[in-house]
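Enquirer:
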Amino acid sequence: MAEQDPPRKSASGLKPIERHNSEERLSRLTPTTASATLHAYCSKFARDFLDAHFYYCSSKFVVARGGKVKALDEAFRDAEDWYGGALAWLSKTDQVEIPLFYEEKEVKVSHSFAGRLLRLLMQFDRIFVETLYSQECGSISADQRTTTIQIASKRIATIHQLCIPDTDKFEADGTLISSHRSSPDGHA
Numbered sequence: 001m002a003e004q005d006p007p008r009k010s011a012s013g014l015k016p017i018e019r020h021n022s023e024e025r026l027s028r029l030t031p032t033t034a035s036a037t038l039h040a041y042c043s044k045f046a047r048d049f050l051d052a053h054f055y056y057c058s059s060k061f062v063v064a065r066g067g068k069v070k071a072l073d074e075a076f077r078d079a080e081d082w083y084g085g086a087l088a089w090l091s092k093t094d095q096v097e098i099p100l101f102y103e104e105k106e107v108k109v110s111h112s113f114a115g116r117l118l119r120l121l122m123q124f125d126r127i128f129v130e131t132l133y134s135q136e137c138g139s140i141s142a143d144q145r146t147t148t149i150q151i152a153s154k155r156i157a158t159i160h161q162l163c164i165p166d167t168d169k170f171e172a173d174g175t176l177i178s179s180h181r182s183s184p185d186g187h188a
């Protein structure tokens, strides 16, 4: 019998939380595509999303069926349209480039939706950078920058939220089936 590593203990003595937000989650599923890309980012949102949610969403994309696929596709279309408009608006503003530091991470893309999500994250970073450049030039206010970044992050967060319910929680038309935790008479 091979020796196993002893269980890890945290400083508090509690059992550490084993999260499956890495490549391990995807390795247990059969991907519809299998490619990897190097993603460069400079925003905290992109870094945190890649670290905490990207592979979770990717695994949910692989197993999504029926109404869930429709709901995700509609959310992607809405986000892609909004991002296109925001980037078109920013391209018309005066900008002053300042040096920024980028980090890179290899990302495995297991489904076409994962590729679309990664593209949105890249566009989020462009919005993050271009709003900063525009604000530095005085073309937009700090409030406009903050609002634009908040809306951009909410568009991606909406896609993440759609990944959480199981496929059977969606109607064929993509609407989420509401769940009532109480009985029909109103009592739990």
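1 is the number of the first residue of the sequence shown in our numbering; add one for each residue after it. C-beta: ideal position from N, C-alpha, C; glycine also. Every value quoted in this text rests on a predicted model; they were computed, and no experiment measured them.
Just tell me which of G85, K108, T147, R155 has its CA closest to the CA of S191.
Expert: What is shown of the chain runs 1 to 188, which leaves residue 191 out entirely.
Enquirer: Just the Cα atoms here: how many angstroms apart are D94 and C137?
Expert: Within the sequence shown, the letter at position 94 stands for residue 94. Within the sequence shown, the letter at position 137 stands for residue 137. Distance between the alpha carbons of D94 and C137: 6 Å.
Enquirer: Below 7 Å CB to CB, which residues in the same chain sit around K169 once its five sequence neighbours on both sides are set aside?
Expert: The residue you call residue 169 lines up with position 169 of the sequence shown. L176, I177, listed in sequence order.
Enquirer: Measure from the alpha carbon of G174 to the alpha carbon of each residue in L38, D73, T148, Q123, then state which is nearest.
Expert: Sequence index remark: in the sequence shown, residue 174 carries index 174 (1-based). The shortest C-alpha separation from G174 is found at D73.
Enquirer: Pick helix, strand or coil for L26, following the three-state DSSP scheme.
Expert: Along the sequence shown, one-based indexing puts residue 26 at 26. Bear in mind that a pLDDT of 49 at L26, under 50, signals an unreliable position, so the number given afterwards is only what the model happens to contain. Note: L26 maps to helix in three-state DSSP.
Enquirer: By Cβ distance, which residues of its chain are closer than 8 Å to A79, with the 5 residues on each side in sequence left out?
Expert: Locating residue 79 in the sequence shown gives position 79, where the first residue counts as 1. Taken in chain order, the residues that qualify are L120, R155, I156, T158, I159.
Enquirer: Pick out the complete beta strand (DSSP E) segments inside the stretch 85–109, 3 residues or longer, and give them in chain order.
Expert: Entirely contained in the stretch 85–109, the beta strand (DSSP E) runs reaching 3 residues are, in chain order, 103–109.
Enquirer: Cα separation between K92 and V63?
Expert: Counting from one through the sequence shown, the residue named residue 92 turns up at place 92. Counting from one through the sequence shown, the residue named residue 63 turns up at place 63. Their Cα atoms are separated by approximately 41 Å.
Enquirer: When you compare the stretch 31–50 with the stretch 133–148, are there three or more beta-carbon pairs, one atom per stretch, that lie closer than 8 Å?
Expert: No, the stretch 31–50 is not in contact with the stretch 133–148.
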